[in-house]
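Under the numbering used here, the letters of the sequence shown match residues 41 to 242, in that order.
Written below as structure tokens is the structure these notes are about.
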Amino acid sequence: MRSYMDYSSPSVQYTFDVNTSPLFVKDKQNYINILGIKQLNSLENVSLLDIFMSTNNVVEPHYHQNAAELVYCISGSVLVAILNPFTKQLLNFQITPGQVANIPQGWWHYEIALQDHTHLLAIFDAPTPAVVLGSDILKFTPANVMAHTYCLDENQWKQAVAPVKPSTYIGPYKDCNRSYDYMNTQQYSQNPYGQQYWHYWG
């Protein structure tokens, strides 16, 4: 119990409609609702994202600097990809209704919907989930720093990241003219426990 919450106060909230709290909306099939302490002031060390996606849409690569995340699949199917910073392996887990994937705090990860009507709950052990998005890293890191650090051509880097929009959340963009079928172009092997090790992309 949080010691600073006055549960005798008439302002204490015990219920909330998450459908009224959008974090990001791409379209009617791809959007994220949020529940944190700003929406429900009686929450303790928990928050969630209510995520809806159609096939091949991606919750962009990101990490949560203040919380671990438990992804629970309600409907559809999703690939949860996690970069293990200790082994440098990209781990891929396909989960379906009733299954979960656990993402430790601060680990780089993303989710790809494998079916239409995919519905996920992302549950966090923090009253507000903080996030660092891949699109923000790409957009706001100066091009000359990236070019110098990684021995890149600065103009080519600028051209490559020019289409990136900050705070993408769910990609690809609605006006993206490129088609990409993730499931037909990836190759990975699966062990008996459902863990998939990345071999290559392309």
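Every residue, glycine too, gets a C-beta built ideally from N, C-alpha and C.
Bear in mind the structure is a predicted one, so any value in this text is a computation, not a measurement.
Less than 8 Å between the C-beta atoms of residue i and residue j, yes or no?
i, j, result
"Glu194", "Ala202", "no"
"Val120", "Glu151", "yes"
"Gln155", "Ser117", "yes"
"Cys113", "Thr136", "yes"
Within 10 Å of its beta-carbon, does residue i have 16 or more other beta-carbons around it, so buried, or fewer, so exposed?
i, result
"Pro232", "Residue placement at Pro232 is poorly supported in this model, since its pLDDT is 34, which falls under 50; the coordinates are not used for a value here."
"Gln146", "Checking the displayed sequence, the identity of residue 146 turns out to be Gly instead of Gln. Its Cβ having fewer than 16 others within 10 Å, Gly146 is exposed."
"Tyr103", "buried"
"Gly242", "Annotation note: pLDDT 30 at Gly242 (below 50); position unreliable, coordinate value reported separately. Answer is exposed; the Cβ neighbour count stays below 16."
"Met93", "buried"
"Glu84", "exposed"
"Asp90", "buried"
"Phe126", "exposed"
"Tyr209", "buried"
"Ala170", "exposed"
"Thr189", "exposed"
"Val172", "exposed"
"Val98", "buried"
"Ser49", "exposed"
Would you report the Cα separation of residue i and residue j, rounded to the nearest angstrom?
i, j, result
"Val204", "Asp57", "32 Å"
"Gln196", "Leu80", "46 Å"
"Lys179", "Gln134", "30 Å"
"Gly76", "Phe64", "15 Å"
"Leu160", "Gly174", "20 Å"
"Leu192", "Ile177", "16 Å"
"Trp148", "Leu123", "5 Å"
"Phe164", "Ala141", "12 Å"
"Cys216", "Met45", "47 Å"
Considering residue i, what are the terminal residues of the alpha helix (DSSP H) in which it resides?
i, result
"Asp90", "Looking at the DSSP string, Asp90 is not in any alpha helix (DSSP H); the run it does join, the beta strand (DSSP E), is Ser87 to Met93."
"Asn195", "Glu194 to Val201"
Taking 7 Å as the cut-off, is the C-beta of residue i nearer than that to any heavy atom in the ligand SAH?
i, result
"Lys66", "Absent from the structure shown: the ligand SAH. Ligands present: none."
Mapping DSSP to helix, strand and coil, what is residue i?
i, result
"Phe56", "coil"
"His188", "helix"
"Asn132", "strand"
"Trp238", "With a pLDDT of only 43 at Trp238, under 50, the local geometry of the prediction cannot be trusted, and no value is derived from it."
"Gly174", "helix"
"Ala141", "strand"
"Ala153", "strand"
"Phe164", "strand"
"Tyr233", "In this prediction, Tyr233 scores a pLDDT of 40, lower than 50, which makes its location untrustworthy; the coordinate-derived value is nonetheless stated afterwards. Coil."
Considering residue i, what are the terminal residues of the beta strand (DSSP E) in which it resides?
i, result
"Lys66", "Pro62 to Asp67"
"Val99", "Val98 to Tyr103"
"Leu83", "Neither: Leu83 is in no beta strand (DSSP E) and is coded neither H nor E."
"Ser115", "Glu109 to Ser115"
"Val118", "Val118 to Asn124"
"Thr72", "The residue you asked about is not Thr; residue 72 is Ile in the sequence shown. Asn70 to Leu75 is the extent of the beta strand (DSSP E) around Ile72."
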